[in-house]
Every structure is written in structure tokens, then in C-alpha cells.
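If you read the sequence shown in the numbering used here, its first letter stands for residue 7, the second for the next number, and so on.
Accompanying notes for the structure given below.
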Amino acid sequence: MEKYGETDYTTLLKLLDNKAKALDMEIEHFQSNVEGELVNFIQSIHDSLDSWVVINPGAFTHTSIALRDALNTLSAQNKIIEVHISNIEEREDYRKFNLIKEFCEISIIGEGIEGYFQALDYINDK
């Protein structure tokens with residue numbers, strides 16, 4: 007857990023819900039380790055105009071053409087923020103290849119879970 011911190015997923019969601027409520031935002035959570043499920047979810051929100059997507063694509067950042075294609079399509083109508091808990095640019099060489107960055111308005115990397123809160127603040131400031 008050293009690279010990723012000690013906060014469990016359930017606690018993170020509660021903290022994000024509290025932050026969103028304080029900012030008067032509505033947020034929806036979705037998590038999957040299955041590439042196809044992530045792509046299906048992204049495609050299901052394609053028609054939600056003017057929405058923001060905050061995504062931590064994990065290892066799919068470096069490997070998933072399907073996720074890249076889905077985010078490319080989505081980015082035409084929605085804003086995307088990429089979040090990585092660890093600093094992928096200072097890790098193994100293969101993690102430095104990012105297939106999705108070009109479709110993201112900003113990338114927040116290496117800030118731990120604070121990156122998710124920074125993403126909400128960024129959205130709120132827009």
C-alpha cells in the first residue's frame with residue numbers, strides 16, 4: 007500500500023461525497039477492474055452533455071486502446087480529468103507511456119487521494 011496510501015475505497019467514496027456536497031455538486035461513482043465494464047460505462051455517459059469525468063484508469067492508462075477510444079469519443083462533449091494516486095512519470099518505464107492523456111483537460115498525478123479532491127476543486131472553479 008506504500009505507493010497508494012492507507013485510505014480504503016469505501017472511506018474515499020464517503021470523503022468524496024462530503025466534498026461534493028460542500029461544493030453543491032452531484033457525483034456518481036463507478037469502479038471496475040474489468041476493461042470492458044469501464045468502456046461500457048464511459049459509453050453510457052456519452053450523451054450526458056457538459057459533464058465532467060474524473061478517471062483513474064490505473065494500468066489501463068498504458069495498455070487499453072479500447073479505453074483510449076471511448077475517452078476520445080467522450081472528450082468531444084465532456085471534460086475529462088485523469089487522476090493517478092502515484093506519480094506514474096517517476097515509476098517503471100512502461101508506466102510513462104500514457105494512451106489517454108491527450109483527451110484529458112488536466113492530469114493530476116502523484117498527489118495521493120488528494121488528487122481526487124483537487125479534481126473536484128478544479129471542476130468547481132470552472
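Note that the Cβ used here is the ideal one computed from N, Cα and C, for glycine as well.
The beta carbon of serine 57 sits closer than 7 Å to those of Ile51, Asn84, all from its chain and outside the five residues before and after it, given in chain order. Going by DSSP, histidine 68 is part of the alpha helix (DSSP H) stretching over 66 to 69. Apart from sequence neighbours up to five positions away, the residues of its chain that approach isoleucine 86 with a beta-carbon distance below 7 Å are Val59, Ile61, Leu77, Leu80, Phe109, Cys110, Glu111, ordered along the chain. In the assembly as shown, alanine 28 is an exposed residue. Its beta-carbon has fewer than 16 other beta-carbons within 10 Å. In the DSSP assignment, serine 113 is bridged to Glu88. Judged by their CB atoms, isoleucine 71 and valine 89 are not nearer to each other than the 8 Å cut-off.
Excluding five sequence positions before and after valine 45, the CB atoms of its chain that fall closer than 7 Å to its own CB belong to Ala72, Leu73, Ala76, given in chain order.
DSSP places valine 45 in the helix class (H, G or I) of the three-state scheme. In the three-state DSSP reduction, isoleucine 94 falls in the helix class (H, G or I). Between serine 54 and glutamate 34, the alpha-carbon positions lie close to 13 Å from each other. Here DSSP, grouped into helix, strand and coil, assigns isoleucine 129 to helix.
Isoleucine 61 has Glu88 as its beta-bridge partners, per DSSP. Straight through space, the alpha carbons of lysine 25 and tyrosine 128 are spaced by roughly 12 Å.
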